[in-house]
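Numbered continuously in the numbering used here, the sequence shown closes out at residue 640. Glycine included, each C-beta is placed from N, C-alpha and C at the ideal position.
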Amino acid sequence: MTHSRRFTAALATVILIALAAAAYLATRTPGSPEQTATAFLSAWQRGDLAAMRAQVVEAPRSFDQAYAAFTEGAQVRRITVGEIGLRAKEHLNVGEAATYLVTFSVTLDGPVPYSYQGEFEVIEFDRAWKVTWSPTAIHPGLQEIGSSEVRSVRVVRQPDGSSRLVLLEQRAPGEQAGALFEREGLKLVATLAQRDAGG
């Protein structure tokens with residue numbers, strides 16, 4: 442093989458490698474599910490709702506209201522996010538985007554401290570890793586309620602020293618109220634979660 446042919450072959454190889462690398466970079470999703478999950482939860486810990494929204498696929502209009510209401514209702518002074526875990530969803534449907542389940546521990550510091558385990562999903566969306574959001578990203582027990590009802594949560598201490606998150610319903614003046622919240626004119630509707638306060 443002449444010098445010219447060897448040069449042409451080498452050049453062609455370099456071009457093919459460059460094209461393959463460019464194709465890989467063009468289709469590769471920047472960042473990682475871990476980075477998105479960490480950014481989302483770190484922003485929650487800081488109270489930075491704008492930074493949280495930036496990590497979410499189509500955050501609903503009630504997004505800010507839901508978090509503000511939860512913080513106010515549970516009388517949260519500080520949020521501490523603990524260990525974050527991540528695992529890939531194994532069985533995807535045809536056409537379903539890559540999906541990861543994120544689990545995390547969180548402690549709400551307030552008049553009644555409360556700790557729980559939360560979870561949400563991160564998916565590959567429009568060449569980015571994004572959180573798929575619903576009220577369960579705030580607390581798994583909020584699955585059955587709308588965002589507007591999140592304002593009605595409270596953390597209450599039980600006689601045995603444990604704490605639990607409850608969903609309350611405002612009662613009109615003069616209506617019979619639940620015994621637990623009789624002094625506040627509130628009725629206990631559902632227990633969302635319960636664990637030891639020292640968890």
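Specify, as a first and last residue, the run of the alpha helix (DSSP H) that T477 falls within. Per DSSP, the unbroken alpha helix (DSSP H) holding T477 starts and ends at P474 to R487.
What three-state label does DSSP hand A515 in the structure shown? Three-state DSSP puts A515 in coil, outside helix and strand.
Would you list the one or two residues that DSSP bridges to F504? F504 is not bridged to any residue.
Could you say if the segment 543-562 and the segment 594-605 meet the contact criterion of at least three C-beta pairs nearer than 8 Å? Flag = yes, the segment 543-562 and the segment 594-605 touch.
In whole angstroms, give me the CA-to-CA distance for G526 and Y557. A straight-line Cα-Cα distance of about 14 Å links G526 and Y557.
Thinking C-alpha only, which one of E560, S546, D505 and D567 is nearest A539? Nearest to A539 by alpha-carbon distance, out of E560, S546, D505 and D567, is D567.
So what's R624 in DSSP terms, helix, strand or just coil? Confidence at R624 is low in this model, with a pLDDT of 39, below 50, so the placement of that residue should be treated as unreliable; the coordinate-derived value is given next. Helix at R624.
Between which two residues does the beta strand (DSSP E) harbouring R598 extend? Taken as a continuous stretch (DSSP letters only), the beta strand (DSSP E) holding R598 covers V594 to R598.
Extent of the continuous beta strand (DSSP E) run through L549: Here the beta strand (DSSP E) through L549 covers T540 to D550.
Alpha carbon to alpha carbon, what distance is there between S603 and L490? Per the coordinates, the alpha-carbon of L490 lies some 30 Å from the alpha-carbon of S603.
In the structure shown, what three-state DSSP assignment does G582 receive? Here DSSP, grouped into helix, strand and coil, assigns G582 to helix.
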